[in-house]
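One structure is given here, and the rest of the page talks about it.
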Ligand SMILES: [Zn+2]
C-alpha cells in the first residue's frame, strides 16, 4: 500500500493522458466516430482527474472551495465547448476546401498520412505547440492581449476546472492558433480526434490539484510541476513555461523555469490586483475597464527573463 502511494504521482500522467489516448485509439479502431469518441474519453478523463484531486492532492489550500466553481463552470462551458464547437461548424468547411486547393496546387498531400496514428499525433502536437507558444508569450508581453489573458491568471487556486477559465476572446485566439493549422495541412480526422483527447485530458490535469510528477520528462512535457510556476502572481516567475502540452519550445526559446529548491506560491491571482472581479460578467468586462480595476500598485507584465533551470 505504501509503495503504491509512493508510486502514484509517477503513474498518474501515463494513466490519465496515456490511457485516454490508448483508449481513444481502441475506440476509433473499433469503428466509432470521432464525434462519439472525443466526448466519451474526455468525460472519463475528467472524472478520473476529479477523483484524483481527492486521492492524491497537491495542496490542502487549493482543495478548499474559493467560491470560484460556478464562474469557472461558465467559463469552461463557453470557452472550451461552445466557442470551439461554434468555430468548427463555421470554419471547417472553408478550411477543408482551402486544404484541398493547397494540395492540388502543391501536387501532393502536405500531411504524412502514411505514418502510424501516434506519430501523426506527435507531429500535430509539435506544430500546434510552436504556434501556441508564441501566441501565449505575446498574450503575456503585449499589454492589450495581457488584459484578456489575465482572466486565466486571476484564478485564486489551481484545480481541474480552471483549465477552462479563459476570456471568450482569449479562447478564440487559442483555438485559432491550433485547429486551423491542422485542418489546412490535411491532418486526418482520427488524428485530430486523438489531438483533442490529448488536450482535454492533459489540460485539466495540468491545472488540477493533483500531485503529478514527471521527473526527466519535465524537459519535454509541460505538466503541473512547471505550470504552477506559470501561475505565480510574481510575473517575473509567471512569464515562463508558456507551453500547453510541451515544454520543448520553452527550452528552445529560453523561458523554461523549474527551481529545484522551492515550491511555487500557493496564493495565486494577479500580482497587485487582489480584488480582481470574481464573477463571470465582471471578468468579461475586466479587459475593457482595466484602468478602473482596483489595485494596490501599478501592475504590468514584467519583461521575459531567460531560462531558469533546476
Ligand atoms: Zn499564461
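Residue numbers (this note's numbering): 1074 to 1383. Glycine residues also receive a C-beta, built at the ideal position from the N, C-alpha and C atoms.
Near ligand 1: residue i beta-carbon under 7 angstroms from a heavy atom
i            : result
residue 1346 : no
residue 1212 : yes
residue 1225 : yes
residue 1303 : yes
residue 1222 : yes
Residue i vs residue j beta-carbon contact at 8 angstroms
i            : j            : result
residue 1288 : residue 1148 : no
residue 1306 : residue 1343 : yes
residue 1154 : residue 1270 : no
residue 1330 : residue 1292 : no
residue 1295 : residue 1274 : no
residue 1186 : residue 1261 : yes
residue 1240 : residue 1360 : yes
Backbone CA spacing between residue i and residue j [nearest angstrom]
i            : j            : result
residue 1132 : residue 1231 : 9 angstroms
residue 1192 : residue 1264 : 9 angstroms
residue 1299 : residue 1077 : 24 angstroms
residue 1309 : residue 1315 : 13 angstroms
residue 1382 : residue 1176 : Note that residue 1382 scores a pLDDT of 43, beneath 50, so its modelled location is shaky; the value from the coordinates is reported in the next line. Their Cα atoms are separated by approximately 43 angstroms.
residue 1251 : residue 1138 : 32 angstroms
residue 1084 : residue 1362 : 45 angstroms
residue 1211 : residue 1319 : 17 angstroms
residue 1159 : residue 1146 : 18 angstroms
residue 1043 : residue 1254 : Summary: the structure shown does not reach residue 1043, with the chain confined to residues 1074 through 1383, and so no result is reported for it.
residue 1080 : residue 1128 : 13 angstroms
residue 1228 : residue 1348 : 12 angstroms
residue 1379 : residue 1325 : Reliability fails at residue 1379, whose pLDDT of 48 lies under 50, so the model's placement of it is uncertain and no value is given.
residue 1107 : residue 1173 : 21 angstroms
residue 1086 : residue 1340 : 25 angstroms
residue 1323 : residue 1312 : 11 angstroms
Any non-hydrogen atom of ligand 3 within 7 angstroms of residue i CB
i            : result
residue 1209 : For ligand 3, the structure offers nothing, since it holds only ligand 1.
Minimum Cβ-Cβ distance from residue i to chain C less than 8 angstroms
i            : result
residue 1099 : Protein chain content of the structure displayed is limited to a single chain, and chain C is not contained in it.
Between the segment 1101 to 1116 and the segment 1202 to 1216, do at least 3 Cβ pairs fall closer than 8 angstroms? In short, these stretches do not touch, since the Cβ pair count stays below three.
Please list the segments of the alpha helix (DSSP H) lying wholly inside the segment 1119 to 1160, counting only runs of 4 or more residues, in order along the chain. 1133 to 1136 and 1142 to 1148, all fully within the segment 1119 to 1160.
Touching by the beta-carbon criterion (3+ pairs, under 8 angstroms), the segment 1347 to 1354 and the segment 1244 to 1260: A contact is defined here as three or more CB-CB pairs under 8 angstroms, and the segment 1347 to 1354 fails this definition with respect to the segment 1244 to 1260.
Alpha helix (DSSP H) segments (min. 4 residues) lying fully within the segment 1297 to 1357: Counting whole runs of 4 or more residues, the segment 1297 to 1357 contains the alpha helix (DSSP H) stretches 1297 to 1303, 1308 to 1311 and 1321 to 1326.
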